[in-house]
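Q: Plus 1 on top of the position in the sequence shown (first one is 1) and you've got the numbering used here.
One structure is given below, represented as C-alpha cells, and several questions about it will come after.
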Amino acid sequence: MVAETPAPEKKSNCLACNKPIKKLKRYYRDGQFYCNKKCWRNYLKKSKEEKK
Ligand SMILES: [Zn+2]
Numbered sequence: 002m003v004a005e006t007p008a009p010e011k012k013s014n015c016l017a018c019n020k021p022i023k024k025l026k027r028y029y030r031d032g033q034f035y036c037n038k039k040c041w042r043n044y045l046k047k048s049k050e051e052k053k
C-alpha cells in the first residue's frame, strides 16, 4: 500500500464547496479564496449557522 501524505493546505480550495481553485476565477475575501461571491456568501452563512 502506498500511503499518500496529505499535501499541506495552500488555501487554494474554496471554503464553500471545497473545490480546488485553479482555472476558476478566484474570489479573494478575508484572506481566503472562493470560487465566486456566491460561494463566499454560502460560507458566511454556513459559518454563522455553526456558531449557534
Ligand atoms: Zn466554491
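Glycine included, each C-beta is placed from N, C-alpha and C at the ideal position.
Quickly, what does DSSP pair Asn14 with across the bridge? List them, please.
A: The partner list for Asn14 (beta bridge, DSSP) reads Pro21.
Q: Any heavy atom of ligand 1 closer than 8 Å to the CB of Tyr20?
A: Here residue 20 turns out to be Lys, not Tyr, going by the sequence shown. Result yes, Cβ under 8 Å from ligand 1.
Q: Using 8 Å as the cut-off, classify the Cβ of Tyr35 as near or not near the heavy atoms of ligand 1, replying yes or no.
A: For ligand 1, at least one heavy atom lies less than 8 Å from the Cβ of Tyr35.
Q: Indicate, with yes or no, if ligand 1 has a heavy atom lying under 8 Å from the CB of Pro4.
A: The residue you asked about is not Pro; residue 4 is Ala in the sequence shown. Flag unset: Cβ of Ala4 not near ligand 1.
Q: Quick one: measure Cβ to Cβ for Asn14 and Lys20, integer angstroms, because I've assumed they're closer than 8 Å.
A: With 8 Å as the limit, Asn14 and Lys20 qualify as a contact, their Cβ atoms being about 7 Å apart.
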